[in-house]
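K.L.:
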Amino acid sequence: MSERAIQFGPAGRPLAILSALVDEQRGLIDRLDGARCIDHAGRHFWLGHLHGVPVVLTVSRIGKVSAALTAATLIERFGVGAVVFTGVAGAIDPMLQRGDVVVAHDFLQHDLDVSPLFPRYELPSYGRSRLDCDVQLSALLARAAEQALARDFASARVHRGLVVSGDRFVSGAQEVRELRERLQQAGHRALAVEMEGAAVAQVCADHGLPYAAMRSISDRADDAAAQDFASFVSQVASRYAQAVMAHLLPSVAGRPS
Ligand code: SAH
């Protein structure tokens, strides 16, 4: 890459690459230079260098609690300076196709409801419903996704926007329509739904660390979601992760420059 690499987070700290499922990250560990595995809190944390950048790779498991615990561990025990999530999601916006990539602009918990004490979706004590991703890291991730897709998956597109998270696999045409409409009524136009991203966003916001997330669309959150999800995750998700990281990491310096 011709331009200078960009430093994220405190100098010298590794970049966390986080997924919910082993299949979303398969192949990345094999490419780690100087790989070392530390088991902690029932998870494997892989330390090493990927494309020259110090990284910690790990799989959170499914859901917001698992994701929050893993993100907090990455920060407090492994001292990461920024977090990038790579995984899959169901489409909420009908314009999205399976295989497209969404780079999150921000996140909201669609199953958070403390009404009537607070407006639906609002995070009590944060005074807002949506948590932003890091602008610069997200821009690099979107560019890396565009470059990776243009090369290897030409029919797929990269979208930027709101991603929503909740502890539920959304898998019904009526359910996803109702979710889309409920969010729209509250002023939120969501592109995709998954089960971890908003939790990681909250942990990173609390610690003041940059966070960016890409989700490839595995399904339409409809009646065919379970089948579509399973085939996409086993066949495509890790290839996306490898291709995008190969473009992203050379533009991200994990060491002081
Ligand atoms: N069959 C899996 C469970 C998958 S849960 C197993 O047994 O391990 C779905 C995972 O993919 C979650 O991590 C979530 O973030 C994402 N996801 C993909 N499509 C989704 C959808 N339609 N609704 C919610 N999450 C979805």
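Number 112 in this note's numbering belongs to position 112 of the sequence shown; there are no gaps in the numbering.
Where is the CB? At the ideal position from N, CA and C, for every residue including glycine.
With a CB to CB cut of under 6 Å and the five nearest residues on each side skipped, what residues in its chain are close to R36?
P.N.:
One-based indexing of the sequence shown puts residue 36 at position 36. Once the five neighbours on either side are set aside, the close Cβ partners of R36 are L47.
K.L.:
Less than 9 Å between the C-beta atoms of I92 and A221, yes or no?
P.N.:
Looking up residue 92 in the sequence shown gives position 92. Looking up residue 221 in the sequence shown gives position 221. Against a cut-off of 9 Å, the Cβ pair of A221 and I92 comes out as a contact.
K.L.:
What's the gap between the Cα of R130 and the Cα of L96?
P.N.:
The count along the sequence shown starts at 1 and reaches residue 130 at position 130. The count along the sequence shown starts at 1 and reaches residue 96 at position 96. Their backbone Cα atoms lie some 21 Å apart in a straight line.
K.L.:
Between L69 and chain C, is the shortest Cβ-Cβ distance under 9 Å, so that the two count as touching?
P.N.:
The structure shown has no chain C; it contains just one protein chain.
K.L.:
Check whether the Cβ of I344 sits closer than 8 Å to any heavy atom of the ligand SAH, and report yes or no.
P.N.:
The requested residue 344 does not occur in the structure, where the chain is confined to residues 1 to 257.
K.L.:
Rounded to a whole number of angstroms, what is the C-alpha to C-alpha distance between S216 and F118?
P.N.:
The sequence position of residue 216 within the sequence shown is 216, counting from 1. The sequence position of residue 118 within the sequence shown is 118, counting from 1. Each residue's alpha carbon lies about 32 Å from the other.
K.L.:
Give the secondary structure of L131 by DSSP, where H, G and I count as helix, E and B as strand, and everything else as coil.
P.N.:
Sequence index remark: in the sequence shown, residue 131 carries index 131 (1-based). Three-state DSSP puts L131 in a strand.
K.L.:
At 3 residues or longer, and completely inside the region 149-179: list those beta strand (DSSP E) runs for me, N to C.
P.N.:
Within the region 149-179, the complete beta strand (DSSP E) runs of at least 3 residues are 158-165.
K.L.:
Residues in its own chain within less than 7 Å of H247 by CB, not counting five upstream and five downstream?
P.N.:
Indexing the sequence shown from 1 puts residue 247 at position 247. Taken in chain order, the residues that qualify are A144, Q147 and A148.
K.L.:
For the alpha helix (DSSP H) that contains S238, what are its first and last residues?
P.N.:
Along the sequence shown, one-based indexing puts residue 238 at 238. S238 to L248 is the span of the alpha helix (DSSP H), which, as asked, contains S238.
K.L.:
Nearest to L249 by CA position, among V53, Q185 and V163, is which residue?
P.N.:
The residue labelled residue 249 in the question sits at position 249 within the sequence shown. Comparing Cα positions, the closest option is V53.
K.L.:
Out of L74, V103, T73 and T70, which one is the CA nearest neighbour of T86?
P.N.:
Position 86 of the sequence shown, counted from the start, is the residue given in the question as residue 86. Ranking the options by Cα distance to T86, first place goes to V103.
K.L.:
In terms of residues, what are the limits of the alpha helix (DSSP H) holding D206?
P.N.:
Position 206 of the sequence shown, counted from the start, is the residue given in the question as residue 206. Where D206 is concerned, the enclosing alpha helix (DSSP H) stretches over G197 to H207.
K.L.:
Per DSSP, T58 is paired with what?
P.N.:
As a working note, residue 58 is residue 58 in the sequence shown. Its beta-bridge partners are L18 and F45.
K.L.:
Could you tell me which residues DSSP pairs with H90 in its beta bridges?
P.N.:
Taking the sequence shown and counting its residues from 1, one reaches residue 90 at position 90. For clarity, residue 90 is Gly in the given sequence; the question names His instead. G90 is bridged to V193 and D219.
K.L.:
Under a Cβ-count criterion, where at least 16 other Cβ atoms within 10 Å of its own Cβ denotes burial, should D33 be classed as buried or exposed?
P.N.:
By 1-based counting over the sequence shown, the position of residue 33 is 33. Result: exposed.
K.L.:
Shortest alpha-carbon distance to L15 belongs to which of G172, T58, D39 and D30?
P.N.:
Translated into the one-based positions of the sequence shown, residue 15 becomes position 15. Comparing Cα positions, the closest option is T58.
K.L.:
Applying the criterion that 16 or more other CB atoms from any shown protein chain within 10 Å of the CB defines a buried residue, is G166 buried or exposed?
P.N.:
Within the sequence shown, numbered from 1, the residue matching residue 166 stands at position 166. Looking at its Cβ environment, which holds 16 or more other Cβ atoms inside 10 Å, G166 is buried.
K.L.:
Using only CA atoms, which one of A230, V135, V65 and S251 lies nearest to D23?
P.N.:
Residue mapping note: residue 23 aligns to position 23 of the sequence shown, counting from 1. For the residues A230, V135, V65 and S251, the minimum Cα distance to D23 belongs to A230.
K.L.:
V193 and H105 - do their beta-carbons sit closer together than 9 Å?
P.N.:
Residue numbering aside, residue 105 sits at position 105 when the sequence shown is read from its first letter. Residue numbering aside, residue 193 sits at position 193 when the sequence shown is read from its first letter. Not in contact: H105 and V193 (Cβ atoms no closer than 9 Å).
K.L.:
On the CB-based measure, 16 or more other CB atoms within 10 Å of its CB, does P210 come out buried or exposed?
P.N.:
The sequence position of residue 210 within the sequence shown is 210, counting from 1. Its Cβ being crowded by 16 or more others within 10 Å, P210 is buried.
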